[in-house]
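2 protein chains.
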Amino acid sequence: MNSSSTRSRGRPSRIDSPRTLRTALELLDEAGLDALTMRRLADAMEVRAGALYRYYATKQDLLTAMSEQMMEGVTEKVLATDGAPWHERVADFARALRTALLNHRDGARVFAGTHPTGGNVLGFSEALVGVLLDAGFPADDAARTLYALSNFTVGHTLEEQAARSGENGGADAAGLLRSAVTDGSYPHLHTALSALASTDFDRHFEYGLGLLIEGLRARRPG
Amino acid sequence: MNSSSTRSRGRPSRIDSPRTLRTALELLDEAGLDALTMRRLADAMEVRAGALYRYYATKQDLLTAMSEQMMEGVTEKVLATDGAPWHERVADFARALRTALLNHRDGARVFAGTHPTGGNVLGFSEALVGVLLDAGFPADDAARTLYALSNFTVGHTLEEQAARSGENGGADAAGLLRSAVTDGSYPHLHTALSALASTDFDRHFEYGLGLLIEGLRARRPG
DNA sequence: ACCTGAACACCGTTCAAGT
DNA sequence: ACCTGAACACCGTTCAAGT
Numbered sequence: 001m002n003s004s005s006t007r008s009r010g011r012p013s014r015i016d017s018p019r020t021l022r023t024a025l026e027l028l029d030e031a032g033l034d035a036l037t038m039r040r041l042a043d044a045m046e047v048r049a050g051a052l053y054r055y056y057a058t059k060q061d062l063l064t065a066m067s068e069q070m071m072e073g074v075t076e077k078v079l080a081t082d083g084a085p086w087h088e089r090v091a092d093f094a095r096a097l098r099t100a101l102l103n104h105r106d107g108a109r110v111f112a113g114t115h116p117t118g119g120n121v122l123g124f125s126e127a128l129v130g131v132l133l134d135a136g137f138p139a140d141d142a143a144r145t146l147y148a149l150s151n152f153t154v155g156h157t158l159e160e161q162a163a164r165s166g167e168n169g170g171a172d173a174a175g176l177l178r179s180a181v182t183d184g185s186y187p188h189l190h191t192a193l194s195a196l197a198s199t200d201f202d203r204h205f206e207y208g209l210g211l212l213i214e215g216l217r218a219r220r221p222g
Numbered sequence: 223m224n225s226s227s228t229r230s231r232g233r234p235s236r237i238d239s240p241r242t243l244r245t246a247l248e249l250l251d252e253a254g255l256d257a258l259t260m261r262r263l264a265d266a267m268e269v270r271a272g273a274l275y276r277y278y279a280t281k282q283d284l285l286t287a288m289s290e291q292m293m294e295g296v297t298e299k300v301l302a303t304d305g306a307p308w309h310e311r312v313a314d315f316a317r318a319l320r321t322a323l324l325n326h327r328d329g330a331r332v333f334a335g336t337h338p339t340g341g342n343v344l345g346f347s348e349a350l351v352g353v354l355l356d357a358g359f360p361a362d363d364a365a366r367t368l369y370a371l372s373n374f375t376v377g378h379t380l381e382e383q384a385a386r387s388g389e390n391g392g393a394d395a396a397g398l399l400r401s402a403v404t405d406g407s408y409p410h411l412h413t414a415l416s417a418l419a420s421t422d423f424d425r426h427f428e429y430g431l432g433l434l435i436e437g438l439r440a441r442r443p444g
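So the protein lines, in turn, are chains S and G. Anchor point for the first sequence: position 171 equals 171 in the working numbering, and the numbering is continuous, going up by one each time. Counting the second sequence from 1 gives a position; the working numbering is that position plus 222.
In C-alpha cells, the structure reads:
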C-alpha cells in the first residue's frame with residue numbers, strides 16, 4: 001500500500017500525471033491559456049511533446065483535469081461556514097466557485113471549455129444541492145438553481161478575466177464603451193456609464209448574485 | 223451616393239467584408255467554430271488565405287464582426303413587444319439574446335470570445351437599460367442588471383450548445399452524470415437526477431431567468 | 001488595387017525506434 | 001517501460017511579387 005508499489009521497478013519516469021497537472025497550472029498562471037501548448041508544457045518539464053500523451057490522451061483531457069484540480073478544497077472551504085441561513089450558504093457556494101476560477105489566469109475559460117465529472121466538481125454540486133434540499137426546495141428547483149448559479153458565475157468570471165487581461169494598454173473595453181457612448185447616440189448608456197465602465201467586479205458579481213438569491217427567497221416553499 | 227461609388231474603378235474584388243462575413247457565418251453553421259479557419263474560409267471563397275487580411279486585419283476582428291452580425295435585428299424584434307409590463311420586457315431581452323446565439327452553431331462561444339461594440343450590440347444594451355430606467359431603477363442598478371442578464375444568458379447558452387453538440391454518441395454529459403451518481407456517493411444529486419440530466423434547456427433557462435426577474439421585482443424602488 | 005505564392009513560426013497528435 | 005525523433009496534417013499571419 002505504500003506509494004512506491006504503484007510503479008513497477010525500472011527507470012523512474014520523469015513525468016507523471018500529478019506533475020504534468022501541476023506544471024500545466026503553473027504555465028497557465030505564467031503565460032495564459034493561449035500559450036499553454038503541449039510543446040511549451042513539454043519544454044517546462046524537459047521532455048518531448050509526444051511523451052505527455054502517455055499520461056493524458058488528449059490536451060482536452062489535461063484541461064479537464066485542470067478544471068477538476070482548480071475546484072480542489074472549494075467545497076470544504078464553503079462547508080466550514082456552517083450555521084448561517086440557507087441563502088447565505090448558497091451565495092457562498094457561488095462566491096467560492098468564482099474565487100476558485102479567479103485563482104488561476106484564464107481559469108473561467110479553462111473551466112467553461114471542459115466538463116469535469118470528478119470528485120471535486122461533483123462534491124461541490126452535491127453539497128450545494130444538499131443545502132437547497134434542506135432549505136425545502138423541490139429536487140427539480142435545486143437542480144436548476146445549481147445550473148443558474150453556475151452559469152451566471154462562469155459567465156461573469158469569463159467577462160471579468162477577459163476585461164482584466166485586456167486592460168493593459170489604452171483600448172480596453174471600458175474605454176471603447178466610453179468613446180462609443182459619448183457621441184450622444186446612446187443616451188441611456190450615457191446615463192448609466194459610471195457603473196457600465198466600472199471595473200469593480202466584486203460589486204457587479206454581488207449584484208447579480210443578490211438578484212438570484214432574492215429570487216430564490218421569493219420562490220421558496222413554505 | 224450610389225453604391226458603386228464606394229469602390230474606384232478597376233478589377234472588381236472577388237471578396238469584400240460583407241461577403242466574407244456572410245461566408246464565415248455559413249461555414250460556422252456547417253462546420254462549427256473549430257473548423258472555421260482562415261484557410262477553410264478562403265477555400266469557400268475561392269481565394270488564398272492571405273487575401274482575407276485585406277478586409278479583416280485579424281481573425282479576432284472577423285469573429286467580432288460575426289458577433290455583431292448575430293445581433294442584427296434583435297433589438298427591433300424585442301421592442302415590437304410593446305405595452306407589456308417592464309419585467310416581461312426585460313425577460314424578453316434575455317430570451318432574444320439567447321435565441322440570437324442559438325441561431326448559429328457555437329454562437330455563444332463566438333460571442334463570449336469577442337467584445338463587440340457595434341450598433342447592434344450597443345443598441346441592444348441601450349434599449350434594455352432604457353426599459354430598466356423607465357421602470358424606475360437607478361442607473362447603477364440598470365447597468366448591473368444588463369451585465370447580470372447577459373452573463374447568465376451567455377453562460378447558459380455556452381453550456382446548452384456544448385451539451386447539444388456533444389450529445390451525439392453515448393458518452394454525453396447526462397450519461398456521465400448518471401453513471402457517476404448511481405454508485406451512491408452523491409445522494410442529493412441522485413435525488414435531483416431527473417432535472418440534472420434533463421436536456422430541456424428552455425426550462426433550465428426560464429428557471430434562472432425567472433429568479434433574476436423576481437429578484438429585480440423585489441428590488442425595484444417605489 | 002487586389003490577389004497569389006511562398007514562407008515563417010508555430011500547432012495537436014502519432015508512432016517506429018531507441019535505451 | 002518510458003521517452004525520443006521525426007513526421008503528418010494542419011494553424012494565423014506577413015509580404016514581395018505578379019496582374
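Backbone N, C-alpha and C fix where the C-beta goes; we use that ideal spot for every residue, glycine too.
What first and last residue would you give for the alpha helix (DSSP H) that runs through residue i?
i              : result
M288 (chain G) : K281 to M292
H190 (chain S) : P187 to T191
E248 (chain G) : S239 to A253
M267 (chain G) : It is not in any alpha helix (DSSP H) - M267 (chain G) carries neither H nor E in the DSSP assignment.
Y429 (chain G) : F423 to R441
L301 (chain G) : V296 to L301
Report buried or exposed for residue i, applying the criterion of at least 16 other Cβ atoms within 10 angstroms of its Cβ.
i              : result
N373 (chain G) : buried
T303 (chain G) : exposed
E161 (chain S) : Note on identity: in this sequence residue 161 (chain S) is Gln, with Glu being the wrong assignment. It counts as buried.
T182 (chain S) : exposed
G130 (chain S) : buried
D200 (chain S) : exposed
D328 (chain G) : buried
E68 (chain S)  : buried
R311 (chain G) : buried
S179 (chain S) : exposed
A218 (chain S) : exposed
S407 (chain G) : exposed
S125 (chain S) : buried
T280 (chain G) : exposed
G50 (chain S)  : exposed
L216 (chain S) : buried
Y56 (chain S)  : buried
R109 (chain S) : buried
Y53 (chain S)  : exposed
R39 (chain S)  : exposed
A35 (chain S)  : exposed
G430 (chain G) : buried
R144 (chain S) : buried
G83 (chain S)  : exposed
May I have a chain-ordered list of the beta strand (DSSP E) segments no shorter than 3 residues that lie completely inside the region 97–182 of chain S? Counting whole runs of 3 or more residues, the region 97–182 of chain S contains no beta strand (DSSP E) stretch at all.
Determine contact between the region 88–96 of chain S and the region 373–382 of chain G, defined as no fewer than three beta-carbon pairs at a distance below 8 Å. As far as the Cβ criterion goes, the region 88–96 of chain S does not touch the region 373–382 of chain G, which means the pair count is below three.
With three or more C-beta pairs closer than 8 Å as the rule, is the region 346–364 of chain G touching the region 135–146 of chain S? The region 135–146 of chain S is not in contact with the region 346–364 of chain G.
Taking three-plus beta-carbon pairs below 8 Å as touching, is the region 326–346 of chain G in contact with the region 281–289 of chain G? Segments in contact, yes.
Please confirm if the region 238–253 of chain G is in contact with the region 185–202 of chain S, defined as three or more CB-CB distances below 8 Å between the two stretches. With a cut-off of 8 Å, the region 185–202 of chain S and the region 238–253 of chain G do not count as touching, because too few Cβ pairs lie within range.
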